[in-house]
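Undergrad: One point on numbering: in my numbering, the residue at position 147 of the sequence shown is 1460, and numbering is uninterrupted.
The beta carbon of each residue, even a glycine, is placed where N, CA and C say it ideally should be.
Please read these numbers as outputs of a predicted model, since none were measured by experiment.
My questions will all concern the structure given below.
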Amino acid sequence: MASLWRYLLAGLGLAALLVGVLAAVYLTAPHSAQPVGPDVSRTKKTDNGLYVASFVPERGVVRQGELESWLLTLKTKTGASVERAAIAISGGMPQHNHGLPTSPQATDYLGEGRYRIEGVKFTMSGWWQLRFAISSGAGSDTVLFNVVL
């Protein structure tokens, strides 16, 4: 009977040692940071770095099913306001493989690099993208904003 207890204690000791080694490996292994969704930043550099763009709803909140106005603010990489820019807008829902239900347009220049974008409508919840093609004296560039409802 004493030898049976000795084998049980040795087995328990080996199991505890194995659990400790596995825990140490898990805790010290590098873990990759998996993004949990699309980047929903409201300010970002354009694809080629010519501009810094900010995109926010004019009323401060995003509303599903309503025609909305948004504000696109454009600065050069040195911080100067971008005036007289030509702005083309496209987008849609990448997971549903369809475009925007409306044709948003830059309708007003409000000063200090701010442009009113009218005709933005998100008809359903989910992941939407709006791509801006920007041309001004500083050059042509694009920026993509993700909106998740």
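Is R1319 helix, strand or coil by DSSP?
TA: Residue state, collapsed to three classes: helix.
Undergrad: Quick check on DSSP: helix, strand or coil for L1384?
TA: Note: L1384 maps to strand in three-state DSSP.
Undergrad: Considering only the alpha carbon of each residue, which of L1443, L1385 and S1448 lies closest to T1420?
TA: Considering only alpha carbons, the answer is L1385.
Undergrad: Using CA atoms only, rank isn't needed, just tell me which of P1351, M1406, E1381 and S1403 is closest to V1429.
TA: Strictly speaking, residue 1429 in this sequence is Arg, with Val absent from that position. When each option's Cα is compared against that of R1429, the closest is E1381.
Undergrad: In the structure shown, what three-state DSSP assignment does N1410 receive?
TA: In the structure shown, N1410 sits in coil (DSSP, three-state: anything other than H, G, I, E or B).
Undergrad: Touch check for the segment 1355-1364 and the segment 1409-1416: three-plus C-beta pairs under 8 angstroms?
TA: As far as the Cβ criterion goes, the segment 1355-1364 does not touch the segment 1409-1416, which means the pair count is below three.
Undergrad: Report yes if the C-beta distance between R1444 and S1403 is below 8 angstroms; otherwise report no.
TA: The answer is yes: Cβ separation under 8 angstroms.
Undergrad: Taking L1443 as part of the beta strand (DSSP E), name the residues at either end of that continuous run.
TA: Its beta strand (DSSP E) spans residues W1440 to S1449.
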